[in-house]
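Below is one structure, written out as structure tokens, with a few remarks after it.
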Amino acid sequence: MSLEENMHDVNNSGNEDATEDVSMDETSSDEFTAEDESGDEEQPPARQVGILDETPGGSRYWIPDVIDKPVEGTIFDSVQHAYQVYKEYAKKGGFEIKKGGQHNDIRFRGLKKAKTKYFYCVREGRKARKSKAKVASKSNAKEAEASISNAKEEKPNNEKKKRRRRASCRVGCQAKLVIKLTNGNQYVVDKFVERHDHFLVDKDNSQFLRSCRKLTFSQKTLIHQISNLNMGPVRVFKLMREIYGGFENIGATATDCKNERRDMNVFVGDNDAQMAVDKLMSKQEYLHDFTVRYKTDENDHLTGLDRQDQSRSI
Numbered sequence: 001m002s003l004e005e006n007m008h009d010v011n012n013s014g015n016e017d018a019t020e021d022v023s024m025d026e027t028s029s030d031e032f033t034a035e036d037e038s039g040d041e042e043q044p045p046a047r048q049v050g051i052l053d054e055t056p057g058g059s060r061y062w063i064p065d066v067i068d069k070p071v072e073g074t075i076f077d078s079v080q081h082a083y084q085v086y087k088e089y090a091k092k093g094g095f096e097i098k099k100g101g102q103h104n105d106i107r108f109r110g111l112k113k114a115k116t117k118y119f120y121c122v123r124e125g126r127k128a129r130k131s132k133a134k135v136a137s138k139s140n141a142k143e144a145e146a147s148i149s150n151a152k153e154e155k156p157n158n159e160k161k162k163r164r165r166r167a168s169c170r171v172g173c174q175a176k177l178v179i180k181l182t183n184g185n186q187y188v189v190d191k192f193v194e195r196h197d198h199f200l201v202d203k204d205n206s207q208f209l210r211s212c213r214k215l216t217f218s219q220k221t222l223i224h225q226i227s228n229l230n231m232g233p234v235r236v237f238k239l240m241r242e243i244y245g246g247f248e249n250i251g252a253t254a255t256d257c258k259n260e261r262r263d264m265n266v267f268v269g270d271n272d273a274q275m276a277v278d279k280l281m282s283k284q285e286y287l288h289d290f291t292v293r294y295k296t297d298e299n300d301h302l303t304g305l306d307r308q309d310q311s312r313s314i
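Sequence positions in the sequence shown follow UniProt numbering and run 1 to 314.
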């Protein structure tokens with residue numbers, strides 16, 4: 001074999017090796033892409049709550065999977081009894097209810113006894129939208145009233161109160177319970193619509209429903225007592241988490257604790273300092289070695305407080 005033929009064979013073998021390397025690289029890149037695509041795991045579907053009922057037209061409805069429900073013909077002793085039963089059914093089913101309108105019996109005009117009472121899902125109806133003409137007429141009327149009041153007396157800080165804009169959760173749900181008064185002064189279920197056109201809340205998240213959020217008397221007492229130690233409501237909420245073994249076992253949220261503290265402050269109002277002084281002055285009446293001195297400014301605001309006895313003084 002000549003030298004040229006040997007060189008030609010070597011070049012061909014090198015080209016074949018290069019071709020094999022390229023093909024292996026392409027295969028490896030394809031495999032890497034496939035792994036990347038398989039690594040993007042699909043999100044698990046939302047947890048199905050209740051029984052899904054889908055119509056031929058494509059509409060979907062959810063029926064609460066609850067055995068004890070107020071079927072037509074059920075007798076209740078009062079309107080409040082029917083409301084409590086329907087409320088308990090809604091709590092198990094994963095939705096909330098509200099009281100609707102009523103038709104009063106003409107025989108009980110003074111007592112306003114309901115002849116027909118309606119209970120609805122909280123997502124019943126839709127938010128009413130004001131027309132532009134109605135809004136314009138109201139704004140013109142307010143401007144006229146404001147100009148008249150300003151002409152009579154100019155008030156400083158005459159600012160309009162801003163209303164908070166909140167999103168509406170109403171979607172036109174048709175679920176409802178209708179009861180009617182019987183001859184025996186009891187109420188019977190006249191109509192019961194159980195299917196909803198919105199998702200239901202599962203058991204793990206039912207704690208956030210407004211009907212399930214309620215502070216007990218002991219929890220309110222704990223908030224009041226710890227507030228005296230200058231601890232905020234959020235810290236009290238975290239403390240209750242340790243006491244009850246988790247947030248889900250409290251039956252309320254941190255916002256409920258804040259609202260309770262707010263209501264307590266509103267109840268006390270501007271008399272918080274006066275309450276402290278009165279309590280100390282009452283001790284001074286039956287403790288001979290106990291003295292209290294305090295001073296106020298020109299606006300009758302407490303500026304200093306001195307309490308002295310044999311053991312301590314502040």
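Virtual Cβ for every residue (Gly too), placed ideally from N, Cα, C.
Reduced DSSP category for Gln274 - H, G, I as helix; E, B as strand; rest coil
helix
Thinking C-alpha only, which one of Lys176, Gln219, Glu260 is nearest Tyr89?
Of Lys176, Gln219, Glu260, the residue nearest in Cα terms is Lys176.
So who's on the other strand from Asn104, going by DSSP bridges?
Ala114
Taking DSSP's pairing of strands, which residues face Tyr294 in a bridge?
Leu305
Helix, strand or coil for Phe76? Go by DSSP, reduced to three states.
strand
Per DSSP, what are the beta-bridge partners of Arg60 in this structure?
Glu54, per the DSSP bridge assignment.
Using 8 Å as the threshold, is the stretch 181-195 in touch with the stretch 213-227, meaning 3 or more CB pairs across them?
Taking 8 Å as the limit for Cβ pairs, the verdict is that the stretch 213-227 does not touch the stretch 181-195.
Looking only at DSSP bridge pairs, what is Leu177 linked to?
Phe119, Phe192
Can you tell me whether Asp256 is buried or exposed? The criterion is at least 16 other CB atoms within 10 Å of its CB, across all chains shown.
buried
Starting from Pro233, follow the alpha helix (DSSP H) in both directions and report where the run begins and ends.
233-244
Which value, in whole angstroms, describes the spacing of the CA atoms of Gln174 and Val122?
The alpha-carbon atoms of Gln174 and Val122 are separated by roughly 10 Å.
Cut-off 7 Å between Cβ atoms - residues of its own chain near Gly94, not counting five sequence neighbours on either side:
Val49, Gly50, Pro64, Leu200, Val201, Asp202, Ser206
Check Ile67 in the structure and name its three-state DSSP category.
coil
Alpha-carbon spacing of Phe208 relative to Ala252, whole angstroms
8 Å
Give the C-beta separation of Tyr83 and Lys99 to the nearest angstrom, bearing in mind that I take them to be a contact with Cβ-Cβ under 8 Å.
7 Å
With distances taken Cα to Cα, identify the nearest neighbour of Lys113 among Arg129, Gly125, Val79, Glu96.
The closest CA to that of Lys113, considering only Arg129, Gly125, Val79, Glu96, is found on Val79.
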